[in-house]
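For reference, the structure discussed in these notes is given below.
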Amino acid sequence: MRNGEAAMKVGYFPGCSLHATAREYEESLKAIAPALDLQLEEIRDWACCGATSAHSTNHLLSVALPARTLVLAARQNLDRVFAPCAACYNRLASAQHAIEHDKKVASQVESILGASFGHPIGVLSIAQLLSEMTDRIRSKAIVPLKELKVACYYGCLLVRPPEICRFDDPEAPTSLESIVTAAGAVPVKWDKALECCGGGFSLSRTASVVRLGRSILRSAKDSGAQALIVACPMCHSNLDFRQRAINRSAGDDRPMPVLFISQLVGLSMGLDPVRLGLNRHFVNPQPFLSTISAGRVEHREQA
Amino acid sequence: MSRIGVFICHCGENIGRTVDCAQVAQAMGELPGVVHSVDYKYMCSDPGQALIKQAIKEHNLDGVVVGACSPHMHEKTFRKAAAAAGLNPYLCEMANIREHCSWIHEDRAEATEKAKGLVRFIVEKIKYNRPLSNIFIPVNRRALVIGGGIAGIQAALDIADGGREVILVEKESSIGGHMSQLSETFPTLDCSQCILTPRMVEVAQHPRIKLLAYSEVESVDGYIGNFEVKIRQKARSIDVSKCNGCGECTKNCPNKKIPSEFEQGLGFRTAIYVPFPQAVPNIPVLDRDNCALFKGRAKGVKKQVCGKCATVCGRRAIDFDQQDSFITEKVGAIIVATGYQLYWIGKEQESEILHGYGEYGYGTIPDVIDGLQFERLASASGPTGGKILRPSDGKEPKKIVFLQCIGSRDRAKGMEYCSKICCMYVAKHTMLYHHKVHDGKAIVFYMDIRAGGKGYDEFVRRAIEESHALYLRGRVSSLTRNGDTIRVQGVDTLSGEPVSIDADMVVLATAMRPQPGITSLAQKLSVSYDLHGFLNEAHPKLRPVETNTAGIFVAGACQAPRDIPDSVAMASATASKVLGLFSNEQLEREPLIARVDRQTCTGCFHCERVCPYGAVERFEVKDRKGNLIKVIAEVNQGVCQGCGTCQATCPSKSIELDGFTDEQIFAAVNAL
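Structure below.
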């Protein structure tokens, strides 16, 4: 199903973070889904994708964990699975790629799981899912975001590696830009859209995360963006939760709100910012929301 | 009954050590039809050959089988010997009991048995051999050279100086090719135009060279010695016979802001233009896509919009209604010297296997230029008069980063080959930059330095030691705009440190690729090409300038990345090949080609479809009154290479390869 057609049903793999640190990501997705005629069918009994821990320690485990989810999705008669988290998306897509292209690994994983693979599953990132629905997003955008300049941030995993993602340009992607344009905002040109945010090193090597985040935020600010748009809970955490430390180290007191792409789409539809979870961010989005007069958020001052 | 002689060679110890040659000879002597069978230490030696000649006469032999080495080694030797004794040379054949037997086996008894089998195989085959005579093909002793760059110029001049006529076809309006764009040349730093333009003038003035500039090869028919080439002469909108190259038209053309191809987009030209002042022929061409008059016509404006050039032309040479014209030339040999183009890093690529450099902004960052653009900046006749200035703001760059291997040696970008010239011209660029901007800093990122060639490595050392270029071994991961500089993020793999440089200008040593349209030209010529479109030579070592199609030769960068010395050497090699071919009025060749049985051929033309050389033609069989009875296949003797594909394909067994007929092969196989 494509633009403008009837309801679209996809399998839904929230992953661990959408039930924890990135609850607002799930809240915003669930808020915009009905308006987009999007039916998210959660995969029953899904498990962790393995994330960095699995693929940095054991290759088979890193394929087996997401492969289990793919088997469950096939049993639920789903053709496509949507993983909002960029890291989950990447693990699921990598597993699907390994199943299709590495017969040896595929048979090993089948014996580990005690199950055989059903039909191939298309794994979707949020960039893929929403860029298929730009017409619907455009037709539902009732709040004019015309003057709003945003920097779209992809990070490492959303469109790469190209042979696994097979979507958008791995070096100069434009899918998030097409989505925010459909929502009525103006994407800026900047050059750190694909830089690493530090990923899972947030706790173990905070200084590195601060250093990387500094260059990303500086570039976004220099390009005139009023907000940073992300599509990954980890990126969000590193750029939002760590932003006070980043700004302190840069001697820069201009806060830069960091929004999930689903939140921006929700704002364009005129949805209540609290329903979109915008009250959960560490960087106060209120000044930003005021510019588009999108209602008030009772912001809890960060600790 | 046949009268066959068998001669078994020991090849010293080569065969004799593993095969009992005397036993083989004795066994062969007992075969029906064999009247004489001997063994000898060295059959290819003079006494060995004498043995064969003598036996032919004494025993009145009608077939000779030599059990020895590979036919590739000595078939010619023995056939010559047989012919000297009055036997048709195609009644002499070899059985390979060395490469196929003694060299690859250890057990003497088994090897001897196998040798008997191999010789018996040929004995049975030769019973069905027919005498054949060589084929003679007339040779049209004129050559066609495609491409007027340095390789084409060299080949044309060499052939013309050797006394033969040459037709030189160039698709641009002037000959000279890429070499005319270069500032200085490595490894001697002599001025490119200074050494090239005299050669261009020589071409134009040579009585035996017919120069067809602004022309392209439309189609090629025929075969070695007898090609028929149709050439499209593109409409210049100028009557060449009237134009004297005064230049009034270009001076008066009002459209002066068209990016010049010759200046690589760094300078401008008019709509009617000569690409550069030393152009040969010095006749302008009208670029109809950019001419106000033609734009007006395309829009349907009734009034003539412009026409200034025609007004000022004293000789009334401008012809707005000129059309492309076609001429046909008959030639005996063709040299392909179409040269190269540079890969560009943009998003849109010509083919699916190529990819651009998103990490370098797909060519959208100002002041990131390629090597040919730098040549134009450094050239005294270039858009900046030889000053190194940034294209964006005309400022002198104080720090230039040169990146080698852009596209080349990168499978991910679709070109896994080395472009060969970049290491050298980047070293040259750093020197030219140092000579012109004394306080400038040149930094080179390289993968490794490939400076094989006379005086080449010394040249690179000079760039490093005398021009103080900083060479960093490593790749650059991204180029981004940073104010009015370019942020270069890379790594120095020798120190193991990431490097970040703010450069005023970046020069990319982009990969060499064959010219656009090379594959369609190659198809017209039936010349094979590789994945990248580079033309294939017949043998990478022993036949480097020939192609698999007889009579067609390759020179220069259309075959692989080449520098000037290589291209010129190749061009001279093709010229000597062509002159050798033209030294005879007729071409003699072996008669081992396909032959059609006109009685049984049904004209299904499966053979025509499978023939890799295009040797099958259509022949109309008519009765005495001239009524068409049927159309059947006929083999062009000049084109057929004797591969046998048609024979294997023919459903009615009407096409056979002389020397390898079904009858011969079946007889041989039955003997095993």
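If you read the protein sequences in the order shown, they are chains H and S.
FYI, the numbering for the first sequence is 165 to 467, going by the numbering used here.
FYI, the numbering for the second sequence is 2 to 673, going by the numbering used here.
Backbone N, C-alpha and C fix where the C-beta goes; we use that ideal spot for every residue, glycine too.
In this text, all values refer to a predicted model and were calculated from it rather than measured experimentally.
Minimum C-alpha distance to Gly286 of chain H - residue among H:Glu274, H:Pro326, H:Ala251 and H:Gly175 = H:Gly175
Point to revise | Local conformation of Cys244 of chain S per DSSP, three classes | key: The answer is coil: DSSP assigns Cys244 of chain S none of H, G, I, E or B.
*Select from the stretch 332 to 347 of chain H all residues with a C-beta closer than 8 Å to any C-beta belonging to chain S, and list them in chain order.*
Of all residues in the stretch 332 to 347 of chain H, Asp333, Pro334, Glu335 and Ala336 have a Cβ within less than 8 Å of some Cβ in chain S.
Contact the stretch 474 to 486 of chain S vs the stretch 201 to 212 of chain S: 3+ CB pairs below 8 Å: no
- Is the beta carbon of Cys399 of chain H sitting closer than 8 Å to the one on Leu376 of chain H? no
Practice problem: Using a Cβ cut-off of 8 Å (strictly closer), state whether Glu351 of chain S contacts chain H. | Solution: no
(Q) For chain H, check one thing: does any of its Cβ atoms lie closer than 8 Å to the Cβ of Arg482 of chain S? (A) yes
| Quick one: what does DSSP say Asp436 of chain H is sitting in, helix, strand or coil? | coil
Could you tell me how far apart the beta carbons of Gln390 of chain H and Phe446 of chain H are, in whole angstroms, since I believe they sit closer than 8 Å? Incorrect: roughly 17 Å between the Cβ atoms, too far for contact.
Exercise for the section: Look at the alpha carbon of Tyr614 of chain S and the alpha carbon of Cys424 of chain S, and state the distance between them as a whole number of angstroms. Expected result: 39 Å
Could you give the DSSP three-state label for Ala443 of chain S: helix, strand or coil? Reduced to three states, the DSSP call for Ala443 of chain S is strand.
Original post:
Can you give, in chain order, each stretch of the alpha helix (DSSP H) that sits fully within the stretch 328 to 363 of chain H and has at least 4 residues?
Top reply: 339 to 347
Helix, strand or coil, according to DSSP, for His37 of chain S in the structure here? strand
| Do Val170 of chain S and Ile151 of chain S have their C-beta atoms within less than 8 Å of each other? | Result no, Cβ atoms of Val170 of chain S and Ile151 of chain S do not sit closer than 8 Å.
Using beta carbons (cut-off 8 Å, strictly below), is Asp416 of chain H in contact with chain S? no
Chain S contact for Asp355 of chain H (CB, 8 Å cutoff) = yes
Item to complete: Have a look at Ala51 of chain S and Met44 of chain S and give me their C-alpha separation to the nearest angstrom.
Response: 9 Å
Chain H partners of Tyr363 of chain S, CB-CB under 7 Å?
Ala336
Assuming the contact rule is C-beta atoms closer than 8 Å, Val350 of chain H and Lys313 of chain H should be a hit. Round their C-beta distance to whole Å, please. Confirmed, about 5 Å.
| Contacts around Val352 of chain H, its chain only, beta-carbon distance under 6 Å, and the 5 residues preceding and following it disregarded | Lys313, Ala315, Ser387, Gly388 and Ala389
- Query: Since His607 of chain S sits in a beta bridge, which residues does DSSP pair it with?
  - Reply: Per DSSP, none; premise fails for His607 of chain S.
For Arg187 of chain H, tell me which candidate among H:Leu431, H:Ser432 and H:Leu423 has the shortest Cα-Cα distance.
H:Leu423
Practice prompt. Identify the contact partners of Gly359 of chain S in chain H, using a Cβ-Cβ distance below 8 Å as the criterion.
Written response: Asp333, Pro334, Glu335 and Ala336
Taking Cys252 of chain H as part of the alpha helix (DSSP H), name the residues at either end of that continuous run.
Ala250 to His265
Using the Cα positions of Val500 of chain S and Met448 of chain S, report the straight-line distance between them to the nearest angstrom. The alpha-carbon atoms of Val500 of chain S and Met448 of chain S are separated by roughly 15 Å.
message: Is the separation between the beta-carbon of Gly68 of chain S and that of Ile105 of chain S shorter than 8 Å?
response: No, these two residues do not count as a Cβ contact at 8 Å.
Review point. What distance in whole Å lies between the Cβ atoms of Phe554 of chain S and Ile336 of chain S, which are believed to be in contact at a cut-off of 8 Å?
Key: 5 Å
* Asked: How many Å lie between Gln155 of chain S and Cys314 of chain S at the Cα?
  -> 35 Å
(message) Quick check on this structure: which residue in S:Ala576, S:Thr603 and S:Pro48 has the alpha carbon closest to the alpha carbon of Gly333 of chain S?
(response) S:Ala576
| query | In or out: Pro260 of chain S buried (at least 16 other Cβ within 10 Å) or exposed? | reply | exposed
Check whether Ala347 of chain H and Ile306 of chain H have beta carbons under 8 Å apart:
Cβ atoms of Ala347 of chain H and Ile306 of chain H: not closer than 8 Å.
Original post:
Near Thr216 of chain H, which residues of its chain fall below 8 Å by C-beta distance, leaving aside the five closest residues on each side in sequence?
Top reply: Ala251, Gly363 and Gly364
Residue range of the unbroken beta strand (DSSP E) whose run includes Tyr224 of chain S | Per DSSP, Tyr224 of chain S is one residue of the beta strand (DSSP E) stretching across Ser216 to Tyr224.
task: Check whether the Cβ atoms of Asn560 of chain S and Phe535 of chain S lie closer than 8 Å to each other.
output: According to the sequence displayed, residue 560 of chain S carries Gln and not Asn. Yes, they are a contact pair.
Would you report the Cα separation of Gly362 of chain S and His439 of chain S, rounded to the nearest angstrom?
-> 30 Å
(message) One question on the structure: do Arg590 of chain S and Ile136 of chain S come within less than 8 Å of each other, judged by their Cβ atoms?
(response) yes
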